[in-house]
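Novice: Under the working numbering, the first residue of the sequence shown carries the number 13, and numbering increases by one thereafter.
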Amino acid sequence: MKTKIYTCLVMLLILLGNVSLAFSQESKLAVVANDKGAPETITEAEIIKIFKGEKQWWKDGTKIVIAFMKTSTPTGSEASKKVLGMSGDQLNKHWLSLVFQGKAKAPVFFNTEKELVDFVSQNKGAIGIVHKNQTGNSRTVAIDQSSIL
Numbered sequence: 013m014k015t016k017i018y019t020c021l022v023m024l025l026i027l028l029g030n031v032s033l034a035f036s037q038e039s040k041l042a043v044v045a046n047d048k049g050a051p052e053t054i055t056e057a058e059i060i061k062i063f064k065g066e067k068q069w070w071k072d073g074t075k076i077v078i079a080f081m082k083t084s085t086p087t088g089s090e091a092s093k094k095v096l097g098m099s100g101d102q103l104n105k106h107w108l109s110l111v112f113q114g115k116a117k118a119p120v121f122f123n124t125e126k127e128l129v130d131f132v133s134q135n136k137g138a139i140g141i142v143h144k145n146q147t148g149n150s151r152t153v154a155i156d157q158s159s160i161l
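#1: If you run the structure through DSSP and keep just helix, strand and coil, what is threonine 83?
#2: Count the other CB atoms, across all protein chains shown, that sit within 10 Å of the CB of alanine 42; report buried if there are 16 or more and exposed otherwise.
#3: Give me the residue from Pro86, Lys105, Ser89, Glu66 with the minimum Cα distance to valine 77.
#4: Buried or exposed: which applies to phenylalanine 122, given that a residue is buried once 16 or more other Cβ atoms fall within 10 Å of its Cβ?
#5: Quick one: using the 10 Å Cβ neighbour count with 16 as the cut-off for buried, is phenylalanine 63 buried or exposed?
#6: For valine 129 versus glutamine 146, is the C-beta spacing smaller than 8 Å?
#7: Whose C-alpha, out of Glu127, Ala79, Asn135, Lys126, is nearest the C-alpha of isoleucine 59?
#8: Among Ile155, Ala57, Gly140, Ser99, which residue has its Cα nearest to the Cα of threonine 124?
#9: Quick one: what's alanine 116 bridged to in DSSP?
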């Protein structure tokens, strides 16, 4: 009987630890960008314009390449809601509309944050959103003087 109680307590502690980890990770998103093109600091309004396809060129003339987590992933869903104020479906429809109208090139979508970070670091003008603890050695862009969203 005592063994079952201890087992239940241990499982409960593990579950609570995972829940708190998920909540702490959820609130800290960061913008990563390639060294070529993207400035070191950018405004939140500019980030929204970039990820909605309204701004397509960096000030130095480099084409912006948007890297986004698939909206079916927790990070992609969170970023679309928190940064753009859209559900994942709304974001997908928004981009489909822009692409079919010929107004923008579609973002490159990724399954994992590591794939996104690797892509951004290897592609001139690329920018993406990941959790702060997933930025690795990539360059983070300060948003209105803060490194997290």
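Even glycine gets a Cβ: it sits at the ideal position worked out from N, Cα and C.
These numbers were taken from a predicted model, which means no experiment stands behind them.
Specialist: By the coordinates alone:
#1: coil
#2: buried
#3: Glu66
#4: buried
#5: buried
#6: yes
#7: Ala79
#8: Gly140
#9: In the DSSP output, where bridge partners are listed per residue, alanine 116 has none listed.
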